[in-house]
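Note sheet for the following structure.
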Amino acid sequence: MPVTKSQKIKDEIIRTLLEGDIENLEPQDRETVDYLKRDKITQPVISLSYNTASIIAGADETFEAIHEYLEDRDIDARLTQMGSPGLVTAEPLLDVQLPGKAKVTFGNVFPEKVSDILDGVFNNFIPLEYVLGQHPNELHEPWENIPYIHELSFFKTQKRDILKNCGRIDPESIDEYIVNGGYRNFLMSIRNYTPEEVCDLIESSGLRGRGGEGYPTGKKWKNTLNASAEKRFLICNAGESDPGAFMERMIMESDPHSLVEAVAIASYAIGAQKAYIYLESEYEMACRRIQKAIDQARDYGLLGHDIFTSGFNLNIQLHQGAGAYVCGEETALIASLEGKRGMPRPKPPYPSYRGLHNQPTVVNNMETLLNVPVIVRHGSTWYKQTGTAKSAGTKVFSLSGKIERSGLVEIPMGASMREVIYRIGGGLPDNKDLKGLLIGGPAGGALTYEHLDTPIDYEELKELGCTLGSGAMVVMDEETCVLDTVKYYMHLLKEESCGKCIPCREGTRRMHEILENITKRPQEENGSFTLHRFKGVINLEKLAHVVRDTSLCGLGQRAANPIISTISAFRNEYEEHIFERKCRAGVCQELSTFYIDVDKCTGCTICAQKCPTSAIVGSAKKPHFIVQDRCIGCGICYESCKFGAIIRK
Amino acid sequence: MDKIKKILERYPFVERENLIPILQDIQNEYGHLTEDAVKQVGDYLELPTSKIYSVATFYSKFRFQPRGNFHLKICRGTSCQVKGAAKLEQKVFKELNIVDGETTDNGTFSLEVVACMGACGLGPVVSINNRYYTRVDEDKLEEIIEDYREIEQ
Chain A
0 MPVTKSQKIK DEIIRTLLEG DIENLEPQDR ETVDYLKRDK ITQPVISLSY NTASIIAGAD
60 ETFEAIHEYL EDRDIDARLT QMGSPGLVTA EPLLDVQLPG KAKVTFGNVF PEKVSDILDG
120 VFNNFIPLEY VLGQHPNELH EPWENIPYIH ELSFFKTQKR DILKNCGRID PESIDEYIVN
180 GGYRNFLMSI RNYTPEEVCD LIESSGLRGR GGEGYPTGKK WKNTLNASAE KRFLICNAGE
240 SDPGAFMERM IMESDPHSLV EAVAIASYAI GAQKAYIYLE SEYEMACRRI QKAIDQARDY
300 GLLGHDIFTS GFNLNIQLHQ GAGAYVCGEE TALIASLEGK RGMPRPKPPY PSYRGLHNQP
360 TVVNNMETLL NVPVIVRHGS TWYKQTGTAK SAGTKVFSLS GKIERSGLVE IPMGASMREV
420 IYRIGGGLPD NKDLKGLLIG GPAGGALTYE HLDTPIDYEE LKELGCTLGS GAMVVMDEET
480 CVLDTVKYYM HLLKEESCGK CIPCREGTRR MHEILENITK RPQEENGSFT LHRFKGVINL
540 EKLAHVVRDT SLCGLGQRAA NPIISTISAF RNEYEEHIFE RKCRAGVCQE LSTFYIDVDK
600 CTGCTICAQK CPTSAIVGSA KKPHFIVQDR CIGCGICYES CKFGAIIRK
Chain Y
0 MDKIKKILER YPFVERENLI PILQDIQNEY GHLTEDAVKQ VGDYLELPTS KIYSVATFYS
60 KFRFQPRGNF HLKICRGTSC QVKGAAKLEQ KVFKELNIVD GETTDNGTFS LEVVACMGAC
120 GLGPVVSINN RYYTRVDEDK LEEIIEDYRE IEQ
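So the sequences go chain by chain: A and Y.
Residue numbering for the first sequence follows numbering that gives the first Met the number 0, starting at 0 and increasing by one per position.
Residue numbering for the second sequence follows numbering that gives the first Met the number 0, starting at 0 and increasing by one per position.
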């Protein structure tokens, strides 16, 4: 997307801004800042959300349409890009701001809507059917009868500390990040605090690792800082390759500078001169924007040698992963950075003492690090006010599955699932009933509607056999089969198991096999198949516990989580599959039985021609029948019938 | 061959740490890893070819077959899965006889199954040469493949 280039901001302005003295700026410099901050603008500003989600939704075409609209009418407007505010279902989003008026956001802006929307706004009339809301700003005159964006139910109960810049600034502009207060926390840290003090601050804030078991971050940092070594390293693990989790990618695409700043502060605190940001190479746009952010920060002297004459040197390197789920585990990630197969090793020694190149290394999850600038800015007492006693701060989730509004959601720790699903997510589409939700990706666990009022924090979730994990939250309705979803997770884990330790390598394979057997129709009723099936079923739970207790790394230890937690939450569904050979959601097609409704069947013979086992008999133009003994339950007839004559039970 | 030399020049230090980035650069340039390229990397980094293959085969993103003219990506994210992405994979196998990481014999199509593309509300998502198709079902996929077959001819 070609974007109008923003003016290059002068060195002195940067320095003054980083010191926090906006008052001392020369009047003409104030203009530059106002221009970037969009508080006072002289020409209309139009920003289109430009990220992977919006591109898939069609943002490129929308951009073309806006560009054409402005050219055709010769309108002098500034067209920029922005990140995503998180509401994925409304992509592509468009922000329009007229001089002196409040900014208005429109949702689902497809090319054909562009002229309607812009015609309206330029004539001081907001087309209500496309609008999401307006942004309050005391310098701007609000529009009448347009709701405020922070009062929409999607945003109302969210607490946006980490996501505050997402969807507000141009992710590829360091200037916009700086005028909005960026990098000030980093400079404050290296000037006013010693590394120990930063560690103390983080420890007293109660920040805990967001990726796994919730180990206190400040403690981890101190271990590394106090370990004697010639070099120390910081690794930011942003390589979520969890299916269903798009939060890290989306934050990196929307606000890459926040991550660079967070990594810089953390590196200073542990005394590292080299830091790595690890993310999957298939997240092309995130990789590009992070690299650009690192380059820009280096150009401004915020990274490199002797940063702002503090004597602190830092080099940040982007490391692109080559596709291995197990590299989410810290020792495997370190092996991958060293150019080896990404396999974990036994702990201890922990990476805090012996990590990358045998030097003390801190591996932090990306979301954990994003909390750091927030804590430095507001202090630990302020930070602790959010969340619960043992879990401070907020947590970001990517909400998806069978939900009305899917997207990126940040809530205080301790909020309930009910709030997330029904207030923020807007409930399930078509008023369907909630069956449960899967939290934390393939290594997470399942919760049912009984747990809806459980507060979300480390302890409560651990008790229920779940972890916060990747922050994926997938909502299931009555039409989702729990076993099918678990089978899919198990298939993924089976493929991704690195093969080093036997419980994980063999266990995931067997568990997947057992689940396959449960969801399959028996080939023969009397042979050993039935016996095998039952033996497997009896052993499934036992096997899951063995895998959990004896695997080497987090991947194996958590691989059985989906099975253990779904067996306890949805035992009746397992039993139905096993004993009655029935899938109540109708997803496990091989368990379904098909009948032909004689009243509806016209005898078109399409199903009989398509049936792979010739199980459908009948003569043309007369109702057909299914010979149940021959039917393998593939469902081809069900899909091919144009008259809805085939019934699935 | 000069291209590989140029890539290697970007990594002046002979360190194993550079192995994966070098292989990624080569793959970006050629679309896959050739035997010659692996040998050259081995000479440069002073590593046996077997070690390099052991690393390259571990990671799923490295390909040993050239990409097709049309590179198909199917999202395997949970949301797409719930909405029927597995069927699309079967459909590709039925139509083109290839699975993840493979290329058709005539070099027209290749398939890659990727983790979440980030458009969960619009799934299942399929992309061909970076053009995205949303809410794809089996029939739509068949049409898409047919369209590209025609372009190829």
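In this text, a Cβ means the ideal position worked out from N, Cα and C, and glycines have one as well.
For the options A:N164, A:P146, A:T604, the alpha carbon positioned closest to that of S618 (chain A) is the one of A:T604. Annotation: G643 (chain A) to F69 (chain Y) spans about 37 Å, alpha carbon to alpha carbon. Distances from the CA of I517 (chain A) to each of A:E589, A:F124, A:Y147 were compared; the closest alpha carbon is that of A:E589.
Between Q556 (chain A) and the set A:V419, A:I177, A:P502, the nearest pair of CA atoms involves A:P502.
Listed in chain order, the beta strand (DSSP E) runs fully inside the region 268 to 298 of chain A are 273 to 279, counting runs of at least 3 residues. Within the region 486 to 559 of chain A, complete alpha helix (DSSP H) segments of at least 4 residues are found at 501 to 517, 527 to 549, 553 to 558, given in chain order.
The three-state reading of DSSP puts E478 (chain A) in coil, since its state is none of H, G, I, E or B. When DSSP states are grouped into helix, strand and coil, H134 (chain A) belongs to the strand group. Ranking Y:D138, Y:Y58, Y:S78 by CA distance to the CA of K93 (chain Y) puts Y:D138 first. Below the 9 Å Cβ cutoff, chain A contributes T51, A52, S53, I54, I55, A56, V87, E90, F245 as neighbours of A118 (chain Y), in chain order.
Non-local beta-carbon contacts of E111 (chain Y) in its own chain, meaning distances under 6 Å to residues more than five positions away in sequence, involve K72 in chain order.
Of the residues assessed, H356 (chain A) falls on the exposed side of the cut-off, its CB having fewer than 16 other CB atoms within 10 angstroms. When Cβ-Cβ separations below 8 Å define contact, S253 (chain A) makes no contact with chain Y. Spanning the alpha carbons of V40 (chain Y) and E328 (chain A) requires a straight line of approximately 28 Å. K158 (chain A) is positioned such that its CB atom lies closer than 8 Å to that of P411 (chain A). Neighbours of E281 (chain A) across chain Y, judged by C-beta separation under 9 Å: K60, K72, E111, V113, A114, M116.
Residue state for M472 (chain A) is assigned as strand, using DSSP reduced to three classes. For L140 (chain Y), no chain A residue has a C-beta closer than 7 Å to its own C-beta; the minimum C-beta separation is roughly 14 Å. Looking from the CA of A261 (chain A), the closest CA among A:F109, A:K291, A:I315 belongs to A:I315.
Cβ-Cβ distances below 6 Å link T447 (chain A) to G435, A568 in the same chain, with the five nearest sequence neighbours on each side left out; the list follows chain order.
The beta carbon of A36 (chain Y) lies closer than 6 Å to those of I3, I25 in the same chain, with the five residues before and after it left out.
When DSSP states are grouped into helix, strand and coil, E462 (chain A) belongs to the helix group. When DSSP states are grouped into helix, strand and coil, M246 (chain A) belongs to the helix group. Scanning chain Y for C-beta atoms nearer than 9 Å to the C-beta of L336 (chain A) yields E16, I19, reported in chain order.
R340 (chain A): not part of any alpha helix (DSSP H); DSSP gives it neither H nor E.
In this structure the region 272 to 281 of chain A does not lie against the region 183 to 200 of chain A, because fewer than three pairs of beta carbons, one per stretch, are closer than 8 Å. Taking V395 (chain A) as reference, the option from A:L86, A:L162, A:F153 with the minimal CA-CA separation is A:L162. With respect to chain Y, the C-beta atom of Q319 (chain A) has a partner C-beta closer than 8 Å. For R130 (chain Y), no alpha helix (DSSP H) segment is defined; the enclosing uninterrupted segment is the beta strand (DSSP E) at 130 to 132. Under DSSP, the beta-bridge partners assigned to K394 (chain A) are A:I410.
The region 569 to 583 of chain A makes no contact with the region 612 to 629 of chain A; the number of CB pairs closer than 8 Å stays below 3. DSSP places L18 (chain Y) inside the alpha helix (DSSP H), whose first and last residues are 18 to 29.
For N122 (chain A), the closest C-alpha among the options A:P43, A:E63, A:I173 is that of A:P43. Taking 8 Å as the threshold, the shortest C-beta distance from T479 (chain A) to chain Y falls below it. For the region 76 to 92 of chain Y, the beta-carbon criterion of a distance under 7 Å to any beta-carbon of chain A is satisfied by G76, T77, S78, Q80, V81. In terms of beta-carbon proximity, V362 (chain A) stays away from the interface with chain Y, with every pair separated by 8 Å or more.
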